[in-house]
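Novice: Structure incoming, see below.
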Amino acid sequence: MGDHWEDRRAGRWSRLNTYDELYGSTVCGVGLGDIGKRIALTCSALGMTVVASTRQPDGRTPPGVEVVVGLDALSGVLPGCDHVVVRLPSAPATRGLFNRELLECMKPGARFYDVGRGDVVEASALVDALQTGRIGAAGLDVFAAEPPASTSPLWRSPT
Numbered sequence: 066m067g068d069h070w071e072d073r074r075a076g077r078w079s080r081l082n083t084y085d086e087l088y089g090s091t092v093c094g095v096g097l098g099d100i101g102k103r104i105a106l107t108c109s110a111l112g113m114t115v116v117a118s119t120r121q122p123d124g125r126t127p128p129g130v131e132v133v134v135g136l137d138a139l140s141g142v143l144p145g146c147d148h149v150v151v152r153l154p155s156a157p158a159t160r161g162l163f164n165r166e167l168l169e170c171m172k173p174g175a176r177f178y179d180v181g182r183g184d185v186v187e188a189s190a191l192v193d194a195l196q197t198g199r200i201g202a203a204g205l206d207v208f209a210a211e212p213p214a215s216t217s218p219l220w221r222s223p224t
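This note's numbering puts the first residue of the sequence shown at 66, with every later residue one more than the last.
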């Protein structure tokens, strides 16, 4: 995403295919509410292996999901995931969950998406992970404070 963003800003059209295939990749869906289950089904239909994490595992595995772990076991599954899609509510157990330590567990170059609540990820830790290349890209639909302050490092992060 970052290369294409820079090309677009420079007015260049790039025909290089630098996109990763979704088919055959592994996604970790963090949060298994109605939306999380729907995303898991979609990812599975695209040929992705779906690993999921939920606040309260109940022993059931929804359609399209291969394995479900608790939030406390995320550090064990993240190293094998190419994509991490977070769909968690804001709650005492989820605020700041994706901190520096947990982001370091992610597979180098993996993509991180937060479509749940912004306070689930520590913005400064995410920016650091992007700047060092630990995370390949991030897509954020939400922020802890909306809109982010003009001084937020999120505005200047590489992807």
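The beta-carbon is built from N, C-alpha and C at its ideal position, and this holds for glycine as well. Bear in mind that the values here come from a model prediction, so they are computed numbers and not experimental data.
What separation, rounded to the nearest whole angstrom, lies between the Cα atoms of valine 151 and glycine 124?
Specialist: Taking the straight line joining both Cα atoms gives about 20 Å.
Novice: Go through its chain and collect everything with a Cβ distance to glycine 183's Cβ below 6 Å, but skip five positions before and after it.
Specialist: Contacts found: Val207, Phe208, Ala209.
Novice: Would you call the CB atoms of phenylalanine 163 and isoleucine 200 closer than 8 Å?
Specialist: No.
Novice: Out of curiosity, what's the CA-to-CA distance linking arginine 103 and serine 155?
Specialist: One C-alpha to the other measures close to 20 Å.
Novice: Expressed to the nearest angstrom, what Euclidean distance is found between the alpha-carbon atoms of proline 8 and alanine 190?
Specialist: Nothing can be reported for residue 8, as the shown portion of the chain is limited to 66 through 224.
Novice: In the DSSP assignment, what are the bridge partners of leucine 313?
Specialist: Residue 313 lies beyond the residue range present for the chain, which begins at 66 and ends at 224; the question has no answer from this structure.
Novice: Suppose contacts are defined by Cβ-Cβ distances below 8 Å. Is valine 133 in contact with threonine 119 by that definition?
Specialist: Yes, Cβ-Cβ distance for valine 133 and threonine 119 is below 8 Å.
Novice: Using a Cβ-Cβ cutoff of less than 7 Å, which residues in the same chain neighbour proline 127 once the five nearest sequence positions on both sides are dropped?
Specialist: Result list for proline 127: Leu97, Lys102, Ala105, in chain order.
Novice: For methionine 171 and leucine 153, which I take to be in contact (beta-carbon distance under 8 Å), what is that distance rounded to the nearest angstrom?
Specialist: No, methionine 171 and leucine 153 are not in contact; Cβ-Cβ is about 16 Å, not under 8 Å.
Novice: Leaving out five residues before and five after arginine 160 in sequence, what residues of the same chain have Cβ atoms less than 8 Å from its Cβ?
Specialist: Excluding positions up to five away in sequence, the list reads Asp184, Val185.
Novice: Hey, how far is the Cα of leucine 111 from the Cα of serine 90?
Specialist: One C-alpha to the other measures close to 10 Å.
Novice: Which one or two residues does DSSP pair with threonine 118 in a beta bridge?
Specialist: The question names threonine, yet the displayed sequence has serine at residue 118. Answer is Val95, Val134, bridged to serine 118.
Novice: For cysteine 93 and serine 217, I'd like the C-alpha separation in whole angstroms.
Specialist: Going from the Cα of cysteine 93 to the Cα of serine 217 covers about 27 Å.
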